[in-house]
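Input: a single structure, listed below in structure tokens.
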Amino acid sequence: MSSHIIASFQPAKERLVSLLKEANQLEIKPPEPSMTIDEKEDFYVIRKRVLEDKLRRIQLCVTTLESINDKWFTYTQQIVTMKRREEEEEKYKTVTEGDQEYFNYYTKERKR
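Put into structure tokens, the structure is as follows:
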């Protein structure tokens, strides 16, 4: 069971990291001064759609990770022996922290 949960966590985590990097690299520039009002309107409509799509994809990843985390919590609560629970929690900690600790950062920010 734990290997199944860990296996489902890694792709979602990688997808979230990728989306966050992609969002971080977005260049937000004002429209060209020579644009007409209609062109500026189109410019802003397109920008809004792009940003909403990126946000929706990030939220989907976060929701997926929350669901996996809930499954993990339920699973660890069902483990009878304390030693086994500690081993499983250590495995999960290793997976969630990773190199960049995005999941921990998200958890801290969410508690604020």
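Everything in the sequence shown is counted per our numbering, starting at 3 for the first residue and increasing by one. Here a beta-carbon is modelled for each residue, glycine too, at the ideal position from N, C-alpha and C.
Can you say whether residue 14 is buried or exposed, counting buried as having 16 or more other CB atoms within 10 angstroms of its CB?
buried
C-alpha gap between residue 99 and residue 81, whole angstroms
Taking the CA atoms as reference points, residue 99 sits about 22 Å from residue 81.
To the nearest angstrom, how far is it from the Cα of residue 58 to the Cα of residue 10?
20 Å
Quick one: measure Cβ to Cβ for residue 33 and residue 45, integer angstroms, because I've assumed they're closer than 8 Å.
5 Å
Report the three-state DSSP secondary structure of residue 28 (helix, strand or coil).
Coil, per DSSP.
Range of the contiguous alpha helix (DSSP H) that encloses residue 69:
39-80
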